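J.:
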Amino acid sequence: MTIYLPTPLRKHVGGAREITVAGKTIRDVFVGLRENYPALAEQLWDEESNNLKKYLNVFLNDENIRSLQGPDTPVQESDAISVIPAIAGGQPGSGLTFNVILSHRETKMAD
Amino acid sequence: MLTNDQIIRYSRHILLPEMGGKGQEKLLSSKVLLIGAGGLGSPVALYLAAAGVGTLGIVDGDHVDLSNLQRQVIHATPDIGRLKVDSARETIAQINPDVRVVTYPEYITATNIGGILSEYDLVVDGCDNFATRYLVSDAAVIYKKPYVYGSILRLDGQAAVFNPPQGPCYRCIFPEAPPPGAVPSCQEAGVLGVLPGLLGVIQATEALKMLLGIGEPLIGRLLLVDALYMEFTEAKVARNKNCPVCGENPTITELRDENYRQETCNTELDETEEEK
């Protein structure tokens with residue numbers, strides 16, 4: 001099955017928009033990410049609570065897993081999983097410095 | 112009663128069967144509050160003003176900065192250094208003198224939001240940070256005002272209408288803000304300049320529909336926009352009966368500033384400027 005990732009998370013998987021994963025439940029799938037996508041796993045899975053990070057929404061096809069069986073929701077090969085994080089545009093009050101922006105001047109366009 | 116000038120100005124609305132002259136009169140007597148006159152607030156304000164929404168309240172304590180002009184199209188180069196609410200008011204006056212603009216040159220807080228919000232029919236969120244978003248969302252529930260949500264980051268956007276008990280509130284979907292430095296917020300500075308235009312126009316559309324009571328608003332549906340692939344998808348979102356604001360046993364029944372503290376970031380790229 002596939003997990004669809006929004007742009008802010010794609011850098012953890014080499015820019016991919018979708019990744020192919022395996023597992024029998026949502027928990028299986030996300031814990032399994034540690035093997036091939038450790039950076040992504042760290043962003044999505046909370047080891048302490050053994051659950052998804054609270055500020056994420058995970059949809060199985062078009063149903064929120066919260067209205068199914070949460071992380072115990074069974075998944076099938078044909079399913080599509082989407083991760084939807086809370087997003088906000090900026091962080092007021094601190095001031096992005098000119099030098100930080102300048103350091104990106106020679107940045108090449110990503111694929 | 113519409114004047115002759117208004118009949119001509121709003122003729123393309125009046126011709127719409129969904130709207131007619133009565134719908135236009137309804138817009139002219141409507142009051143919309145905009146939180147932020149930045150990236151999202153600009154197109155929302157421009158289109159709602161052009162559409163003849165009679166009263167637009169705009170809350171923003173910020174000044175126009177050179178780095179805003181790549182996307183905040185209600186402001187122009189000569190406005191740099193001016194209060195955003197002043198610049199916005201002037202632009203709106205030129206577009207449509209029918210619109211009364213009420214400016215609030217301050218940031219929205221738990222203390223001032225009640226007095227401001229209670230004057231309006233609905234609130235449109237053009238804020239750029241989680242603290243303000245949760246404050247606006249919680250206040251909209253407590254003061255029973257429809258809340259037109261929009262958010263952007265890099266090349267992605269989200270939009271929805273929150274109006275519990277019809278559908279969920281923002282907190283039902285996202286119970287907690289991401290911690291400072293977490294994936295979706297701090298480390299990903301940057302936004303494609305047109306993206307707030309795309310999402311802001313969706314918010315303006317939803318605001319007009321809510322004011323007119325027409326169509327199917329984005330209630331119970333979270334619209335997800337991926338501009339890089341120009342893909343629009345929808346996620347079904349439901350009420351959470353345990354929601355601390357709109358649930359069965361709410362724990363957030365009054366607004367306190369200490370519950371809406373601005374998150375701060377630690378890494379160097381996290382020192383993002385105020386970006387609305």
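Chains G and A, in that order, are what the protein sequence lines are. Each residue of the first sequence is one higher than the one before, starting from 1 at the first, in our numbering. Each residue of the second sequence is one higher than the one before, starting from 112 at the first, in our numbering. Heads up, the beta-carbon is just placed ideally off N, CA and C, and yes, glycines get one too. These figures come from a predicted structure and were not determined experimentally.
Contact check, F285/A vs A22/G under 8 Å by CB: the rounded distance?
T.: F285/A to A22/G, Cβ: 28 Å. No contact.
J.: As an exercise, report each continuous beta strand (DSSP E) stretch of at least 3 residues that is fully enclosed by the region 223–288 of chain A, in chain order.
T.: Qualifying beta strand (DSSP E) stretches, in chain order: 233–236, 258–264 and 267–273.
J.: Write down the C-beta distance between V210/A and V164/A rounded to the nearest angstrom, noting that I regard them as a contact closer than 8 Å.
T.: Rounded, the Cβ-Cβ distance is 7 Å, consistent with contact.
J.: Can you list, in chain order, the residues of its chain with a C-beta nearer than 6 Å to that of G311/A? Leave out the 5 residues immediately preceding and following it.
T.: Around G311/A: L151, P154 and V155.
J.: Would you please verify whether the beta carbon of R68/A is less than 7 Å from any beta carbon of chain G?
T.: Here chain A has residues from 112 to 387 only, and residue 68/A is not among them.
J.: How close, in whole Å, do the beta carbons of A346/A and D62/G come, if the pair is a contact with beta carbons under 8 Å?
T.: With 8 Å as the limit, A346/A and D62/G qualify as a contact, their Cβ atoms being about 6 Å apart.
J.: Going by other Cβ atoms of all chains shown within 10 Å of its Cβ, with 16 needed for buried, is P8/G buried or exposed?
T.: Label assigned to P8/G: buried.
J.: Which value, in whole angstroms, describes the spacing of the CA atoms of K54/G and C283/A?
T.: Each residue's Cα considered, the two are about 12 Å apart.
J.: V175/A to K255/A, Cα distance in whole Å?
T.: Computed Cα separation, rounded: 32 Å.
J.: Got a sec, what are the start and stop residues for the beta strand (DSSP E) D337/A sits in?
T.: Per DSSP, D337/A belongs to the beta strand (DSSP E) from R332 to D337.
J.: Compare the C-beta of S262/A against all C-beta atoms of chain G and say whether one is closer than 7 Å.
T.: Yes, its Cβ sits closer than 7 Å to a Cβ of chain G.
J.: So for G168/A, helix, strand or coil by DSSP?
T.: G168/A: strand per DSSP, three-state reduction.
J.: Buried or exposed: T362/A, going by 16 or more other Cβ atoms within 10 Å of its Cβ?
T.: T362/A should be labelled exposed.
J.: With respect to the beta strand (DSSP E) encompassing V31/G, which residues constitute its N-terminal and C-terminal limits?
T.: Careful: V31/G lies outside any beta strand (DSSP E), inside the alpha helix (DSSP H) at I26 to N36.
J.: Smallest Cα separation from K24/G: which of H104/G, T107/G and Q76/G?
T.: Nearest of H104/G, T107/G and Q76/G to K24/G, Cα basis: Q76/G.
J.: Would you kindly work out how many angstroms separate the C-alpha atoms of E359/A and I65/G, rounded to a whole number?
T.: Between E359/A and I65/G, the C-alpha separation is close to 21 Å.
J.: Indicate the three-state DSSP secondary structure (helix, strand or coil) for V210/A in the structure shown.
T.: V210/A: coil per DSSP, three-state reduction.
J.: Taking DSSP as the reference, what is the three-state secondary structure of D46/G?
T.: Three-state result, D46/G: strand.
J.: Can you name the residues of chain G whose CB is closer than 7 Å to the CB of G304/A?
T.: Neighbours of G304/A on chain G: none; closest Cβ ~12 Å, over 7 Å.
J.: Quick one: measure Cβ to Cβ for G147/A and Y215/A, integer angstroms, because I've assumed they're closer than 8 Å.
T.: G147/A to Y215/A, Cβ: 11 Å. No contact.
J.: Would you identify the three-state DSSP class for V155/A, choosing helix, strand or coil?
T.: Helix at V155/A.
J.: In three-state DSSP terms, what is T2/G?
T.: T2/G: strand per DSSP, three-state reduction.
J.: Name, please, each residue of chain G whose Cβ falls closer than 8 Å to the Cβ of D267/A.
T.: Within 8 Å Cβ-Cβ: P6, T7, P8 and I87.
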